[in-house]
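Participant:
In mature numbering (1 follows the signal peptide of the UniProt record, and there is no 0), the protein residues as written are -23 to -1, 1 to 524.
#1: Assign residue 103 to one of three DSSP states: helix, strand, or coil.
#2: Drop a sphere of 10 angstroms on the beta-carbon of residue 281, count the other beta-carbons inside from all chains shown, and report buried for 16 or more, exposed for fewer.
#3: Indicate the three-state DSSP secondary structure (helix, strand or coil) for residue 310 in the structure shown.
#4: Measure from the alpha carbon of residue 32 to the alpha carbon of each residue in 190, 195, 82, then state which is nearest.
#5: By a C-beta neighbour count over all protein chains shown, 10 Å radius and 16 as the cutoff for buried, is residue 297 buried or exposed?
#6: Can you say whether residue 413 is buried or exposed, counting buried as having 16 or more other CB atoms within 10 angstroms of its CB?
#7: What number of angstroms, rounded off, separates the C-alpha of residue 269 from the C-alpha of residue 415?
#8: Quick one: Cα of residue 203 to Cα of residue 230, how far?
#9: Taking the C-alpha atoms as reference points, what is the distance between residue 77 and residue 475?
#10: Quick check on residue 306: buried or exposed, where buried means 16 or more other Cβ atoms within 10 Å of its Cβ?
#11: Can you list, in chain order, the residues of its chain with a C-beta nearer than 6 Å to that of residue 286? Leave out the 5 residues immediately preceding and following it.
#12: Where does residue 79 fall in DSSP's three states?
#13: Ends of the alpha helix (DSSP H) at residue 157?
#14: Once DSSP output is grouped into helix, strand and coil, what is the label at residue 301?
#15: What would DSSP say about residue 278, mapped onto helix, strand or coil?
#16: If you run the structure through DSSP and keep just helix, strand and coil, what is residue 225?
#17: Ordered along the chain, which non-local residues of its own chain (more than five positions away) have a Cβ less than 6 Å from that of residue 539?
#18: Whole-angstrom Cβ separation of residue 408 and residue 66, contact assumed at under 8 Å?
#19: Looking only at its chain, what residues have a beta carbon closer than 8 Å to the beta carbon of residue -6, apart from the 5 residues adjacent to it on each side?
#20: Bridge partners of residue 485, per DSSP?
#21: Would you mind working out which of 392, 334, 370, 324 sits nearest residue 303, comparing C-alpha positions?
#22: Can the beta-carbon of residue 464 be found closer than 8 Å to that of residue 443?
#23: Suppose you measure from the CA of residue 12 to the CA of residue 28; what does that come to, to the nearest Å?
#24: So, helix, strand or coil for residue 135, using DSSP?
#25: Rounded to a whole number of angstroms, what is the C-alpha to C-alpha distance between residue 153 and residue 184?
#26: Once you ignore the five residues that flank residue 47 on each side, which residues in its own chain have a CB closer than 8 Å to its CB?
#27: For residue 211 versus residue 228, is the C-beta distance shorter than 8 Å?
#28: Tell me whether residue 499 sits in a helix, a strand or coil according to DSSP, three-state version.
#29: To the nearest angstrom, how far is it from the Cα of residue 605 to the Cα of residue 450?
#30: For residue 324, which beta-bridge partners are listed by DSSP?
#31: Given 8 Å as the limit, is there contact between the region 378 to 385 and the region 330 to 348, that is, 3 or more CB pairs closer than that?
#32: What does the Cβ neighbour count give for residue 88, buried or exposed, with the cut at 16 atoms within 10 Å?
#33: Buried or exposed: which applies to residue 241, given that a residue is buried once 16 or more other Cβ atoms fall within 10 Å of its Cβ?
#34: When DSSP labels each residue in this structure, what does residue 206 get in the three-state scheme?
#35: Does the beta-carbon of residue 513 have 16 or more other beta-carbons within 10 angstroms, so that it is buried, or is it exposed?
#36: Please state whether the Cβ-Cβ distance between residue 180 and residue 217 is less than 8 Å.
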């Protein structure tokens, strides 16, 4: 924009020198004086224009360098492996949102018609600001789940993934600032501390000032209960701006707060939830619910890290594998089955899908992918939710012969009819993609899929159609189990008991994808049509078996 302004200024001065305008400059010293001033203005405008152009070119070179660094990484591996690293994906989204989007202001149309045409053609693919924010929130989710420090992530180190480009201080500050905006004080602190560490003794670096970093850090530490650290950060700010009245006021406030905490026996230097007095937690039912929800979340994250319940010797003895030949189609080609958990009983059908079948599923699903939805327990309607981050598509079984074969194979494995099952759902998880703990079946107080008219979901078959380098396990939170199938495997379990009651031990979740790309497809099998295949039991708590 500045360059355009200076060009307009130059053109205005040139009009003064245009031969068609009679000014008689040479006939008077006043005219010559004006000419001298005009030349001074022209020189100033030209100087500023060249400065702006040089700055513009430097910025474009920096953008090109960042883009070429990314392209080199893609060339060394593949686009799939590259975006499988959450740091790479975050930086790419940031480049599109902050670099490529603003390039129109940097590249003049006189010399860049091809570039501008490319940008316009690609514009429909540009991520939104919400995408950018979502990528940052995903980084926080991965940190929480897999105990990743901001320091290691800033160096491009993600467990299970190739090392990515290091984050700049600007990148780190953006993450800290986003955490600050959403009042996530824990991650505000982590990323601002990482910024300080990288800045060293510099007052500013990469367009970020030490003062701003300390300002956010102080506020976050205060909200976390670490008043001592908030006071330290404010004292450091005071050194940089000793006459700032707001800083002086904050110094007094934090000092007095720390003194009060000392007089009541509180340390004033922790931010740990475990050290919050129990009487504070019990102030209200809502506070208890919040505490329980956080405890449940922590249990889920532990399972994602592989911290599962240790099986007893008796349980281990029941974890066996065999060839299943119960269906006529399996007589010549048996299914490889492994029981991997006892309660709930979970089975993995090894290598049940071929490479060509998995490719066909992805090929058919890719053009149809949309943001995944969940069923609202109150209304029964589908809606988008932050706790399910993925894109999904639905494929009818008669769409392609391959999909029909997968339907038949699922019937052979489960012993159930799929005539009343939902369509094949395919999901692709993005940066930190996950699905928090949930039940596949509708509970007593919820709408039981009345719009389908096929009863509740009696069973689930979940197919893994890609390899996930790190993360992405399926965990059963009440059973304290973590299932990590391989590409081509199918995971099967019953959601309902023989009585039709829901089996609450099947509460499960999809852990965040740490590295790699996760594709899954699932089939939800419904009650209706199973009357002569799975008769009701005589005992209310009796469970189904698939064979």
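By construction, the Cβ of each residue, glycine as well, lies at the ideal position given by its N, Cα and C atoms.
Facilitator: Reading from the atomic positions:
#1: Shown here, residue 103 sits in coil according to DSSP, grouped into three states, outside any helix or strand.
#2: buried
#3: coil
#4: 82
#5: exposed
#6: buried
#7: 16 Å
#8: Approximately 14 Å, taken between the alpha carbons.
#9: 57 Å
#10: Using a 10 angstroms sphere on the CB of residue 306, the tally of other CB atoms stays under 16, which defines it as exposed.
#11: Closer than 6 Å at the Cβ level, and outside the excluded window around residue 286, lie 457.
#12: Look at residue 79 here: in three-state DSSP terms it is helix.
#13: 146 to 158
#14: strand
#15: Three-state DSSP puts residue 278 in a helix.
#16: helix
#17: Residue 539 falls outside the range modelled here, since the chain spans only -23 to 524, and no answer is possible.
#18: Going by Cβ atoms, the distance from residue 408 to residue 66 rounds to 5 Å, so yes, they are a contact pair.
#19: The pLDDT assigned to residue -6 is 42, lower than 50, so where the model puts this residue is not dependable; a value taken from the coordinates is nonetheless given after this. Nothing listed; no residue qualifies.
#20: In the DSSP output, where bridge partners are listed per residue, residue 485 has 415, 453.
#21: 392
#22: yes
#23: At residue 12 the pLDDT is 48, less than 50, meaning the model places this residue with poor confidence; the figure from the coordinates comes in the next sentence. Rounded to whole angstroms, residue 12 to residue 28 spans 24 Å at the Cα level.
#24: Coil at residue 135, not helix or strand.
#25: 15 Å
#26: 59, 65, 68, 69, 72, 142
#27: yes
#28: Under the three-state reduction of DSSP output, residue 499 falls in the strand class.
#29: Lying before the first or after the last residue shown, residue 605 is absent from the chain, which here runs from -23 to 524.
#30: 316, 469
#31: yes
#32: Low confidence applies to residue 88: its pLDDT is 49, below 50, so where it sits in the model is not reliable, and the reading given next is rough at best. Its Cβ having fewer than 16 others within 10 Å, residue 88 is exposed.
#33: exposed
#34: Here DSSP, grouped into helix, strand and coil, assigns residue 206 to helix.
#35: exposed
#36: yes
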